[in-house]
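Working notes, beginning with the structure itself.
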Amino acid sequence: MAIASIRNFGQILSRVQSHPTTYRAFSAATTGTSDCTLSRTAEQLSQLPTIGYVYLGEVPYRKALEMQKQLCRRRIDEIYALPQADRADLNLRQFSDTLILLQHPPVYTNGRRNHGKLQPDEIERLHALDCDYVETNRGGEITFHGPGQLVGYPNLYLKDHFLATKCFVKGLEYTIAETCAHFGIEAKTIPGFPGVWTSPTQKVAALGTHVQRYVTSHGFALNCTTDMKWFREIIPCGLEGKTAISLQTLMEQHGKPNCDTSVDAVLPILRKSFAKVFGCNVKPLEDVSPATFKFIQELVKL
Amino acid sequence: MLSVLRTARVRFAPAARRMAFRSFVTKYTESHEWVRIDGDTATIGVTDYAQNALGDVVYVEVPEANTEVEAEDVVGIVESVKSTSDIYSPLSGTIIEGNANVVANTKLVNKSPEADGWLFKIKFSDKEQLDALLDATKYKQLIEDGH
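Following this line, the structure appears as structure tokens:
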């Protein structure tokens with residue numbers, strides 16, 4: 001699949017407005033957290049583990065990628081070293097689930113399905129913007145990460161949460177929608193278009209995850225005060241006619257330009273939304289699992 | 001499910017008439033793959049339970065023929081709802097074939113997960129590894145227990 005780049009914003013808009021399907025899909029989209037159980041029974045919901053959260057500040061993308069790779073490996077080794085009958089016993093494990101929150105310096109990243117597909121001259125063009133380009137094993141297509149964007153990497157063992165992959169992803173979408181709702185912004189999910197949308201064509205957060213032996217990595221990226229100029233250099237997520245938008249721009253459109261939508265302001269709201277949607281406690285990682293906290297800190301320190 | 005099995009028997013019926021009676025044994029893994037064993041080869045895919053948990057599949061990678069694999073090696077990928085899920089080989093051996101049809105038409109994994117949506121075939125090298133797999137009754141129990 002060739003990835004062409006379009007810089008003319010006007011071209012994108014006119015193409016979008018003549019596309020009827022996206023409008024129909026948006027009207028059928030679902031808001032917020034109508035299915036807060038994410039298909040779990042009451043009994044299952046009463047057994048969910050506590051998730052530790054940690055905010056790492058700005059971390060170079062490749063360093064965070066390596067950290068996740070090693071964290072997943074460590075968790076898989078720990079869980080699968082246990083006999084099948086013991087794997088549900090959290091007391092036998094040192095490492096906990098973690099909601100890793102951070103920002104990245106400017107970087108374009110791409111998903112597994114586009115490995116080797118971006119032309120060398122296109123990669124050069126992105127580098128010339130003073131930006132890294134990294135291909136990963138996550139789902140989804142090309143997107144941008146940079147300052148002002150709250151990136152979340154939930155590292156969960158899905159079996160502890162009785163979550164199917166599609167329910168886990170739905171949970172991430174609902175978390176973002178719930179966070180937006182706090183700011184009075186209506187954000188929806190659109191069937192067939194994973195992500196969180198504030199209009200038929202504007203996405204406020206991108207999604208892309210990887211599941212290995214039921215352990216998750218990668219996650220979501222919510223535009224808080226991100227400079228949208230970076231998104232205009234690519235077709236975000238490979239979707240022609242769709243664009244990215246930030247909470248800051250949305251608040252300006254709603255006549256509230258002074259509302260604080262910085263990453264620092266959004267972070268505690270997102271954390272509480274995540275806990276509500278996933279139905280579990282989210283506490284500081286250093287209290288939930290000192291071993292996991294130390295492991296992560298060692299790998300991201302400068 | 002039954003209609004899927006009937007289709008499989010019809011497809012293989014002519015060969016069965018030429019040879020002595022030939023039966024397949026299907027076993028399962030805890031990560032919701034099915035393993036259809038025929039002599040020293042096995043055909044492997046994800047179960048209906050798995051495809052339902054994944055959601056609509058949009059991208060598939062399968063292993064190449066003649067690749068040597070160990071049990072637990074990652075041999076493929078299935079992407080759905082912007083999430084890539086690694087596919088592991090339950091058996092050691094040599095890959096005979098990856099299903100090119102399913103790479104070209106990823107919806108086969110959702111529409112026909114236990115027949116046309118097969119992912120790869122392997123000539124396995126260690127028969128004892130089959131003992132670790134679940135039979136149909138145990139797999140049914142696993143699903144009913146909510147795993």
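Chains as they are written, first to last, in this note's numbering: chain A, 1 to 302; chain B, 1 to 147.
Backbone N, C-alpha and C define an ideal beta-carbon position, used for all residues, glycine too.
* To do: Using a cut-off of 7 angstroms between C-beta atoms, extract the partners of residue 162 (chain A) located in chain B.
  => Mapped onto the first sequence, residue 162 (chain A) falls at position 162. Going along chain B in sequence order, the residues near residue 162 (chain A) (Cβ under 7 angstroms) are 146.
* residue 80 (chain B) - DSSP class collapsed to helix/strand/coil -> The residue you call residue 80 (chain B) lines up with position 80 of the second sequence. Reduced to three states, the DSSP call for residue 80 (chain B) is strand.
* Asked: Given that residue 166 (chain A) touches chain B, what residues does it touch there, using C-beta distances under 9 angstroms?
  -> For the purposes of this step, residue 166 (chain A) is taken as residue 166 along the first sequence, with counting starting at 1. Within 9 angstroms Cβ-Cβ: 52, 53, 54, 55, 56, 80, 81 and 83.
* Asked: Name the chain B residues that come within less than 7 angstroms of residue 113 (chain A), Cβ to Cβ?
  -> Along the first sequence, one-based indexing puts residue 113 (chain A) at 113. Within 7 angstroms Cβ-Cβ: 59 and 79.
* To do: Take residue 124 (chain A) and list the residues in its own chain whose beta-carbon comes closer than 8 angstroms to its own, dropping the five residues that flank it on each side.
  => Numbered from 1 along the first sequence, position 124 holds the residue referred to as residue 124 (chain A). Answer for residue 124 (chain A): no residue qualifies.
* **Inter-stretch contact at 8 angstroms, needing at least 3 Cβ pairs: the region 22-36 of chain B / the region 131-148 of chain A** => The region 22-36 of chain B is not in contact with the region 131-148 of chain A.
* Asked: Looking at the structure shown, is residue 46 (chain A) part of a helix, part of a strand, or coil, going by DSSP?
  -> Counted from its first residue, the first sequence places residue 46 (chain A) at position 46. Three-state DSSP puts residue 46 (chain A) in coil, outside helix and strand.
* Asked: Is residue 281 (chain A) helix, strand or coil by DSSP?
  -> By one-based count along the first sequence, residue 281 (chain A) stands at place 281. The answer is coil: DSSP assigns residue 281 (chain A) none of H, G, I, E or B.
* Between the CA atoms of residue 245 (chain A) and residue 197 (chain A) - distance to the nearest angstrom -> The sequence position of residue 197 (chain A) within the first sequence is 197, counting from 1. The sequence position of residue 245 (chain A) within the first sequence is 245, counting from 1. Those two C-alpha atoms are separated by around 9 angstroms.
* **Interface flag, residue 170 (chain A) vs chain B, CB-CB below 9 angstroms** => Within the first sequence, residue 170 (chain A) is the residue found at index 170, counting from 1. For residue 170 (chain A), the answer is yes, since a Cβ of chain B falls inside 9 angstroms of its Cβ.
* Are residue 53 (chain B) and residue 69 (chain A) closer than 9 angstroms when you measure CB to CB? -> Looking up residue 53 (chain B) in the second sequence gives position 53. Looking up residue 69 (chain A) in the first sequence gives position 69. It is not a contact, given that the beta carbons lie outside the stated cut-off.
* **residue 89 (chain A) versus A:48, A:115 and A:65, residue with shortest Cα-Cα distance** => To locate residue 89 (chain A), count along the first sequence from 1; it is residue 89. Looking at the Cα atoms, A:48 is the closest of the given residues.
* Is residue 192 (chain A) closer than 9 angstroms to residue 83 (chain B) when the C-beta atoms are compared? -> Position 83 of the second sequence, counted from the start, is the residue given in the question as residue 83 (chain B). Position 192 of the first sequence, counted from the start, is the residue given in the question as residue 192 (chain A). Contact: no.
* Kindly indicate the opening and closing residues of the alpha helix (DSSP H) around residue 75 (chain A). => Within the first sequence, numbered from 1, the residue matching residue 75 (chain A) stands at position 75. That run of the alpha helix (DSSP H) goes 61-81.
* Asked: Is the Cβ of residue 109 (chain B) closer than 9 angstroms to any Cβ of chain A?
  -> Residue 109 (chain B) sits at position 109 when you count from the first residue of the second sequence. Not one chain A Cβ lies under 9 angstroms of residue 109 (chain B).
* To do: With distances taken Cα to Cα, identify the nearest neighbour of residue 121 (chain B) among B:49, B:56, B:76 and B:58.
  => By one-based count along the second sequence, residue 121 (chain B) stands at place 121. The shortest Cα separation from residue 121 (chain B) among B:49, B:56, B:76 and B:58 belongs to B:76.
* Comparing alpha-carbon positions, which option in A:225, A:37, A:271 and A:111 lies nearest residue 138 (chain A)? -> By 1-based counting over the first sequence, the position of residue 138 (chain A) is 138. Considering only alpha carbons, the answer is A:111.
* At which residues does the beta strand (DSSP E) containing residue 52 (chain A) begin and terminate? -> Counted from its first residue, the first sequence places residue 52 (chain A) at position 52. 51-58 is the extent of the beta strand (DSSP E) around residue 52 (chain A).
* Could you name the residues of the region 125-138 of chain B whose beta carbon sits closer than 8 angstroms to any beta carbon of chain A, in the order they occur along the chain? => none
* Asked: Is the region 115-130 of chain A touching the region 170-185 of chain A in the sense that three or more CB pairs, one from each, lie closer than 8 angstroms?
  -> no
* Which first and last residues belong to the beta strand (DSSP E) in which residue 134 (chain A) is found? -> Indexing the first sequence from 1 puts residue 134 (chain A) at position 134. Note, residue 134 (chain A): beta strand (DSSP E), 132-135.
* From the beta carbon of residue 74 (chain B), is the nearest beta carbon of chain A less than 9 angstroms away? -> Position 74 of the second sequence holds residue 74 (chain B). For residue 74 (chain B), the answer is yes, since a Cβ of chain A falls inside 9 angstroms of its Cβ.
* Under 9 angstroms between C-beta atoms, does residue 145 (chain A) make it to chain B? -> Mapped onto the first sequence, residue 145 (chain A) falls at position 145. Any Cβ of chain B closer than 9 angstroms to the Cβ of residue 145 (chain A) would place that residue at the interface, and such an atom is absent.
* **Separation of residue 78 (chain B) from residue 108 (chain B), as counted between CA atoms** => Along the second sequence, read from residue 1 onward, the residue named residue 108 (chain B) stands at position 108. Along the second sequence, read from residue 1 onward, the residue named residue 78 (chain B) stands at position 78. The alpha-carbon atoms of residue 108 (chain B) and residue 78 (chain B) are separated by roughly 12 angstroms.
* Could you check how far apart the C-beta atoms of residue 150 (chain A) and residue 263 (chain A) are, in whole angstroms? I think they sit under 8 angstroms. => Position 150 of the first sequence, counting from 1, holds the residue named residue 150 (chain A). Position 263 of the first sequence, counting from 1, holds the residue named residue 263 (chain A). Rounded, the Cβ-Cβ distance is 5 angstroms, consistent with contact.
* For residue 73 (chain A), is the classification buried or exposed, using 16 other Cβ atoms within 10 angstroms of its Cβ as the cut-off for buried? -> Residue numbering aside, residue 73 (chain A) sits at position 73 when the first sequence is read from its first letter. Exposed is the call here.
* Asked: Counting Cβ pairs, one atom from each stretch, are 3 or more of them under 8 angstroms apart for the region 58-73 of chain B and the region 181-191 of chain A?
  -> no
* Give the residues from the region 20-37 of chain B that approach chain A closer than 8 angstroms (Cβ to any Cβ), ordered along the chain. => Those residues of the region 20-37 of chain B placed with their C-beta closer than 8 angstroms to a C-beta in chain A are 30 and 31, ordered along the chain.
* Asked: Less than 8 angstroms between the CB of residue 198 (chain A) and some heavy atom of the ligand GTP, yes or no?
  -> The model depicted lacks the ligand GTP and carries no ligand whatsoever.
* Taking only runs that begin and end inside the region 168-216 of chain A, name each unbroken beta strand (DSSP E) of 3 or more residues, in chain order. => 188-190, 193-197 and 202-212
* What are the residues that DSSP puts in a beta bridge with residue 151 (chain A)? -> Sequence index remark: in the first sequence, residue 151 (chain A) carries index 151 (1-based). For residue 151 (chain A), which the question treats as bridged, DSSP gives the partners A:102 and A:221.
* To do: Indicate whether at least one CB of chain B lies closer than 9 angstroms to the CB of residue 258 (chain A).
  => If you number the first sequence from 1, residue 258 (chain A) lands on position 258. No, its Cβ sits nowhere closer than 9 angstroms to a Cβ of chain B.
* **Interface positions of the region 130-143 of chain A facing chain B (Cβ-Cβ less than 7 angstroms), listed along the chain** => Only 137, 138, 139 and 140 from the region 130-143 of chain A bring a Cβ to less than 7 angstroms from some Cβ of chain B.
* **Backbone secondary structure at residue 234 (chain A) - three-state DSSP** => Taking the first residue of the first sequence as position 1, residue 234 (chain A) is located at position 234. In the structure shown, the three-state DSSP call for residue 234 (chain A) is coil.
* Counting pairs of beta carbons, one from the region 217-226 of chain A and one from the region 293-301 of chain A, are three or more of them closer than 8 angstroms? -> Counting Cβ pairs under 8 angstroms, fewer than three are found: no touch.
* **Residue burial classification, residue 87 (chain A) (beta-carbon count within 10 angstroms, cutoff 16)** => The residue labelled residue 87 (chain A) in the question sits at position 87 within the first sequence. Label assigned to residue 87 (chain A): buried.
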